[in-house]
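Visitor:
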């Protein structure tokens, strides 16, 4: 019963990984492109901040090597996203609606293999989020400075919606050379 109550508080609604991820894909799909489409709230700068948040988080917490970021209003084809040696594309499709002093938001995500578009992982998350979070004041200000002050209200939303979802991504298996490469991956 306690587990059921605890799981009811999560923003993650669904997550699935191919059964053959460990044996067939973990050692082959490591370099990714992040695609945000469309930008949250139709704000290009907010989309760019979200893409950078995803890139940094996935590089740091999931051991992928994110090579590129794309933020576009129109759909992005897999072939156009498989750039800079990417072996996979992490697509995120946010829906963000302002409500009072916050947002109702959801995101559909999937990791597709370059070449044939095979879905390797998929997830969905959503909920209600405030535009500020006292635990994220510094990071919010940092992204506001990096992108534009108007993106600050989207940062707590991104952090609280995306991080739990991205934590369900599978882990790739890196070689020692790739672990060294990971140190040099630009953010």
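Numbering (our numbering), first residue to last: 93 to 279. Just so it is clear, CB atoms sit at the ideal spot from N, CA and C, and this is done for glycine as well.
How would you label residue 178, buried or exposed, when you count the other beta carbons within 10 angstroms and need 16 or more for buried?
Guide: It counts as buried.
Visitor: Whole-angstrom Cβ separation of residue 160 and residue 175, contact assumed at under 8 Å?
Guide: That pair is a contact at about 5 Å.
Visitor: Measuring alpha carbon to alpha carbon, tell me which of 144, 245 and 210 ends up nearest residue 190.
Guide: Ranking 144, 245 and 210 by Cα distance to residue 190 puts 245 first.
Visitor: Per DSSP, which residues does residue 180 bridge with? Please list them.
Guide: DSSP lists 124 and 205 as partners of residue 180.
Visitor: Cα-Cα, which of 152, 201 and 194 is closest to residue 271?
Guide: For residue 271, the nearest C-alpha among the options comes from 152.
Visitor: Which residue marks the beginning of the beta strand (DSSP E) containing residue 43, and which one marks its end?
Guide: A query on residue 43 cannot be resolved here, the shown segment of the chain reaching from 93 to 279 and no further.
Visitor: Go ahead and label residue 119 buried or exposed: buried means 16 or more other beta carbons lie within 10 angstroms of its beta carbon, across all protein chains shown.
Guide: So residue 119 counts as exposed.
Visitor: If you check the beta carbons only, do residue 223 and residue 248 fall under 8 Å apart?
Guide: Cβ distance < 8 Å, so residue 223 and residue 248 count as in contact.
Visitor: Using the three-state DSSP reduction, which class does residue 232 fall into: helix, strand or coil?
Guide: Note: residue 232 maps to helix in three-state DSSP.
Visitor: Within the chosen definition, does the segment 260-271 reach the segment 141-155 through at least 3 CB pairs nearer than 8 Å?
Guide: Result yes; three or more Cβ-Cβ pairs closer than 8 Å.
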